[in-house]
Every structure is written in C-alpha cells, then in structure tokens.
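Heads up, the thing below is written out as structure tokens.
Protein chains in written order, with this note's numbering: chain L, 108 to 302; chain Z, 703 to 864.
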C-alpha cells in the first residue's frame, strides 16, 4: 500500500536506484508466465522444503494487461525475518537482496540472476499476500478494470520520474478504486481454496 | 471517485466493539467503531481498515486465525446484520455490523455467521442499540475449543476469489 518516498528509500539495501530512463510499460507478453515458471522451479530447487508457496502476482500475472516487464513473485517461507534460512542459498544462485523492511510485514525483496524479477518474501499469514491475490484475481476476471488499469499505467509511465516509487505512487488513485471494488465484491467465504 | 468510495464503504463492516487479546501468538489491540473490510481466507479472518477518503482497503488492522474465531451471536435485524465473534483466549467480543445496502453486505454478514466449526446460539430478534464499549463474554463455550488438526498450522492462505 501507499508509502512515502522516504519510507520506501529507507528500505533499500544500499540506497534506492535512480531511474535511468522512462518507465517502460509494454503490452502483455505470453512469455511472462513461462518466465515465472522457470523462476519458480529454480527457487524450489534452491530452497527445497523452506518454500511454503510461490505465486505469480502483479501485472505480469494478468493475461492481457500492459505492464512493466518485471515478474513479481510472492515467496512464502516459515520466517521472512530469518534471512539466514533462505538468503544465502538464493545469493549463491545469483539472487540479490535489495529491500529489507522489518517494520512492514518483515518484507524482503530480491532481484533475480537473469530475468528481471521482484522476488517478494513474506511469512505465512501475511495480509499483503492475500491483498496481492485479491487484486490479481479481480483483474483477471474483470476486463473493464484491466483496461482501465493498463491505460492509466501507460499514461503515467510517460511522465518523468526519478524513482520507480514515484511512478507507483502516481498509479495509486486508480489502484485504490479497483481495490475497493475487488474487496467489496468478495464472494461467500464458504468454499476456501489453498494456494 | 466519491461514488465509488460511498459504494465501497456501504459493503464494509463496522467493528463495533473494542477488544484486546493474545491468541495464537497474535496480539490484538483495541479497535472501536472502525469501518473495515472483512476478508475470510481458509486460514484467517483479516480486517483491513477502510480508508475514509478513498473507501479502499487500507491499513491492515488484524488477522485472527479462523480456528480461534467462533460466532457468538447473530442479530439479523430489519436493517443491519450484526455478528458477534468470540475470540479464543480473549474475554472480549468482536462485533461486526453489516450495512443494509447493498444487499451483498448482508449476504456477507450471514456468510460470516456460517464460520466453519461454529455452532453458535442464534437469534433473529431485533438488534439492540449498538454498544460501543467492550463486552464481556459469557461463560466459555465448548465450540471455542481447539479443533484437532488446526488448519492455521498448515502453510498457505487463500481467500475465495471472485
């Protein structure tokens, strides 16, 4: 959810990266699910039983939605705060820890060895993981909001930004609007599913 | 935007009772009269505060393991559906008040009342005026006991999507 530029910058290991050009938002690419699948295989091979679940989230997980070509992945481990249980193994395979947020659900984020990914690490029960799922599934099922969100992203991307978080913050009014519809429409909770 | 916010708030639940408990390792602090979205996953009951300016789900308020929640009382009034939830390990009641419009809000309130593992006493009497202070829970109920194979101990979490 919304965070100030200062909060966001402070979470970066080694400081936040400056954008070197305009934010690139491209049309949906059917390769994105395949790239996620490759990452999932690699993460599971590296971490083994430490992995509780791996899920493709964010805009590249929504067929038909324009997006930054960055694969967002939610990885659940027993304790995201316990970096020693996963970060060294991932680092040995080329992943790089870039964000550490002890005060925000113990969130960690790593970049991948080759594909442009954001590997978000959370602990079981994190409300953010549920929030991501709700947003993804709503956009998959509702073309009108998918179109709205895609158009808005392309528009916002054309403005000049120093940091990616400024671009993210500019998207927030529409994201709030879509979130409100998605949460309001949640169905009966009587038939839950597992990831 | 304003219409969207109004619509969203209409289907959110009002948390009408403060509570404080320590259940399953999760600490809860008191919340009184907050508009909130209620998300029920296969593991948890999650409350997100409704942003007063945008109507969208904002700050995460709390997550309660489903196995620790049981319906205490349902008051299906003419306008409001009030569901009182007992939290294992707590002496307080969490009251969720669902607005009359749109009808999906009442549907959701009734669905919440069908929480798995709950065998609540039911009432369809008209709802009394809302009580804002924490309410003491009556004698412990057997349906609050931990069920074997507590699902919250299993990994993962999922809500029922659209």
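Glycine included, every Cβ here is placed at the ideal spot set by N, Cα and C.
Check your understanding: Taking the DSSP output, what are the residues bridged to residue 208(L)?
Key -> Within the first chain, residue 208(L) is the residue found at index 101, counting from 1. DSSP output for residue 208(L) lists 214(L) as bridge partner(s).
Review point. Mind listing which residues of the segment 232-248 of chain L have their C-beta closer than 7 Å to chain Z's C-betas, in chain order?
Key: 232, 234, 236, 237, 240, 241, 244, 245 and 248
Check your understanding: Out of 792(Z), 743(Z), 799(Z) and 771(Z), which has the shortest C-alpha to C-alpha gap to residue 780(Z)?
Key -> Along the second chain, one-based indexing puts residue 780(Z) at 78. Nearest option by C-alpha distance: 799(Z).
Exercise for review: Could you tell me whether the Cβ of residue 226(L) comes closer than 9 Å to any Cβ of chain Z?
Suggested key: As a position in the first chain, residue 226(L) is number 119, starting the count at 1. Closer than 9 Å: no.
Review point. DSSP on residue 141(L), reduced to helix/strand/coil?
Key: On the first chain, position 34 is the one that residue 141(L) refers to. If DSSP states are grouped into helix, strand and coil, residue 141(L) belongs with the helices.
Point to revise | Which of helix, strand or coil DSSP assigns to residue 799(Z) | key: For the purposes of this step, residue 799(Z) is taken as residue 97 along the second chain, with counting starting at 1. Strand at residue 799(Z).
Check your understanding: Any idea what DSSP makes of residue 252(L), helix, strand or coil?
Key -> Here residue 252(L) refers to the residue found at position 145 of the first chain. In this structure, residue 252(L) counts as helix in the three-state DSSP scheme.
Point to revise | 4 or more residues per run - each alpha helix (DSSP H) lying fully within the segment 135-191 of chain L | key: 138-154
Check your understanding: Among 752(Z), 778(Z) and 760(Z), which residue has its Cα nearest to the Cα of residue 809(Z)?
Key -> As a working note, residue 809(Z) is residue 107 in the second chain. The option with the nearest alpha carbon to residue 809(Z) is 778(Z).
Exercise for review: Take residue 726(Z) and list the residues in its own chain whose beta-carbon comes closer than 6 Å to its own, dropping the five residues that flank it on each side.
Suggested key: For this step, residue 726(Z) is matched to residue 24 along the second chain. The pLDDT assigned to residue 726(Z) is 29, lower than 50, so where the model puts this residue is not dependable, and the model offers no usable value.
**Study point:** Burial state of residue 217(L), where buried means 16 or more other Cβ atoms lie within 10 Å
**Key:** Position 110 of the first chain, counted from the start, is the residue given in the question as residue 217(L). So residue 217(L) counts as buried.
Check your understanding: Are there three or more Cβ pairs, one per stretch, closer than 8 Å when the segment 131-150 of chain L is compared with the segment 171-179 of chain L?
Key -> yes
Check your understanding: Are residue 153(L) and residue 186(L) close, meaning C-beta to C-beta below 9 Å?
Key -> Position 46 of the first chain holds residue 153(L). Position 79 of the first chain holds residue 186(L). Against a cut-off of 9 Å, the Cβ pair of residue 186(L) and residue 153(L) comes out as no contact.
**Study point:** Within 9 Å of chain Z by C-beta, residues of the segment 282-295 of chain L in sequence order
**Key:** 282, 283, 284, 285, 286, 287, 288, 289, 290, 291, 292, 293, 294 and 295
Exercise for review: With distances taken Cα to Cα, identify the nearest neighbour of residue 209(L) among 223(L), 188(L) and 265(L).
Suggested key: Numbered from its first residue, the first chain carries residue 209(L) at position 102. Among 223(L), 188(L) and 265(L), the Cα nearest to that of residue 209(L) is on 188(L).
Review point. Taking Cβ positions only, does residue 250(L) come closer than 9 Å to chain Z?
Key: For the purposes of this step, residue 250(L) is taken as residue 143 along the first chain, with counting starting at 1. So no, residue 250(L) is outside the interface.
Review point. Is residue 227(L) near residue 243(L), with beta carbons less than 9 Å apart?
Key: Here residue 227(L) refers to the residue found at position 120 of the first chain. Here residue 243(L) refers to the residue found at position 136 of the first chain. Not in contact: residue 227(L) and residue 243(L) (Cβ atoms no closer than 9 Å).
Review point. If we call anything under 9 Å between Cβ atoms a contact, is residue 782(Z) one with residue 801(Z)?
Key: As a working mapping, residue 782(Z) is identified with position 80 in the second chain. As a working mapping, residue 801(Z) is identified with position 99 in the second chain. Taking 9 Å as the Cβ cut-off, residue 782(Z) and residue 801(Z) qualify as a contacting pair.
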